[in-house]
Amino acid sequence: MDLFSEQRPEFVPLATGACWLPGFALPVMDALWPAVQQHLCQHPAQQMMTPMGLMSVRTSSMGDWGWVGNSQGYAYSAHQPGTHLPWPPIPPVIAQLAAAAANRAGYPDFVPDSCLINVYAPGSKMGLHQDKDEMDFSQPIVSLSLGIAATFLFGGGKRSDKPVRIPLQHGDIVVWGGASRRFYHGVAQVKAATHPLLGAQRINLTLRKAR
Ligand code: MD3
Ligand code: FE
7 MDLFSEQRPE FVPLATGACW LPGFALPVMD ALWPAVQQHL CQHPAQQMMT PMGLMSVRTS
67 SMGDWGWVGN SQGYAYSAHQ PGTHLPWPPI PPVIAQLAAA AANRAGYPDF VPDSCLINVY
127 APGSKMGLHQ DKDEMDFSQP IVSLSLGIAA TFLFGGGKRS DKPVRIPLQH GDIVVWGGAS
187 RRFYHGVAQV KAATHPLLGA QRINLTLRKA R
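Going by the working numbering, the letters in the sequence shown line up with residues 7 to 217, in that order.
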């Protein structure tokens with residue numbers, strides 16, 4: 007009997023249309039992390055304002071559509087706030103990884119046009135919300151976790167549905183589609199920790215087909 011195995015399953019079904027792929031990104035991490043770092047050096051993540059207030063998470067984007075907010079609202083935008091320049095393209099290592107994960111989850115035709123990068127310092131969190139600003143809900147969302155662990159809160163179709171807590175680690179991917187695509191979700195306050203590669207931060211990439 008293997009009481010001390012640190013092995014995790016390769017595929018964990020979470021709900022209809024949603025699955026967790028522990029460690030799916032680890033084989034390409036040597037190319038992936040430098041690409042994210044380089045992007046963040048050139049396009050630093052910023053704390054966005056929303057009608058609900060200033061977010062504790064800092065965000066940047068890649069691809070045709072980035073996510074921007076201000077006190078009036080939030081939306082996908084083809085331009086960066088301030089400079090009004092287009093967002094840089096999604097590096098092939100990231101787009102190909104997302105397509106491979108979507109394929110493993112049963113979505114063979116996923117071509118993301120948006121990559122939102124959420125940077126969590128210890129203490130940051132994301133309240134329960136739905137993602138409903140995308141045009142085609144038949145397309146999944148692929149999420150990639152990097153750095154220190156976080157507890158992902160996965161609710162249901164109603165805000166009052168009690169969320170399940172999912173411990174996401176460095177290199178984990180979750181694919182959300184089908185019935186779960188419009189479920190409430192959030193991230194519990196990130197606890198202080200240090201990751202050997204990223205230091206004291208969690209970074210989440212969400213890849214979407216926005217338009
Ligand atoms: C479940 N980001 O950017 S990613 C977001 O970890 C967002 O930064 C979180 O929620 C983060 O909107 C969670 C996982 C995720 C993304 C979209 C979903 C889970 C989802 C849509 C439906 C259901
Ligand atoms: Fe979300």
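The beta-carbon is built from N, C-alpha and C at its ideal position, and this holds for glycine as well. Predicted model only: the values in this text are computed from it and were never measured.
Item                                                                                                                                                                                      : Value
Assign P146 to one of two classes, buried (16 or more other C-beta atoms within 10 Å of its C-beta) or exposed (fewer than that).                                                         : buried
Can you list every residue whose CB sits closer than 5 Å to some heavy atom of the ligand MD3, going in chain order?                                                                      : N124, D137, I147, S149, W182, F189, H191, V193, N210 and T212
Tell me which same chain residues have a C-beta within less than 6 Å of the C-beta of A111, skipping the five on either side of it?                                                       : C25 and V181
Use the C-beta contact count for F116: other C-beta atoms within 10 angstroms, 16 or more gives buried, fewer gives exposed.                                                              : buried
Please look up how many angstroms separate the CB atoms of V148 and A107, rounded, as I've assumed it's under 8 Å.                                                                        : 5 Å
Any heavy atom of the ligand FE closer than 7 Å to the Cβ of H135?                                                                                                                        : yes
Who are the near neighbours of F17 in its chain, counting only those whose CB is closer than 7 Å to its CB and skipping five residues on each side?                                       : C25 and L27
Compare the Cα-Cα distances from G226 to each of Q78, I123, A127 and G133 and report the closest residue.                                                                                 : Any property of residue 226 remains undetermined from this structure, which presents the chain solely from 7 to 217.
Would you kindly work out how many angstroms separate the C-alpha atoms of H201 and R171, rounded to a whole number?                                                                      : 21 Å
Keeping to the same chain, check which residues put their C-beta closer than 8 Å to that of Y113; ignore five residues upstream and five downstream.                                      : Q145, P146, V181 and G183
Does DSSP classify H135 as helix, strand or coil?                                                                                                                                         : strand
From F30, A206 and Q13, pick the residue whose C-alpha is nearest to that of N109; which is it?                                                                                           : F30
Report the residue ranges of all beta strand (DSSP E) runs contained in full by the region 56 to 102; include only those spanning at least 3 residues, in chain order.                    : 59 to 69, 72 to 76 and 79 to 83
Would you list the residues sitting across from Q52 in a DSSP beta bridge?                                                                                                                : T65
Identify, in the order they occur along the chain, each residue of the same chain with its Cβ nearer than 6 Å to the Cβ of V196, setting aside the five sequence neighbours on each side. : Y126, P128, S130, A156 and R208
Tell me whether V34 sits in a helix, a strand or coil according to DSSP, three-state version.                                                                                             : helix
By the 10 Å Cβ neighbour count, where 16 or more other Cβ atoms means buried, how is P118 classified, buried or exposed?                                                                  : buried
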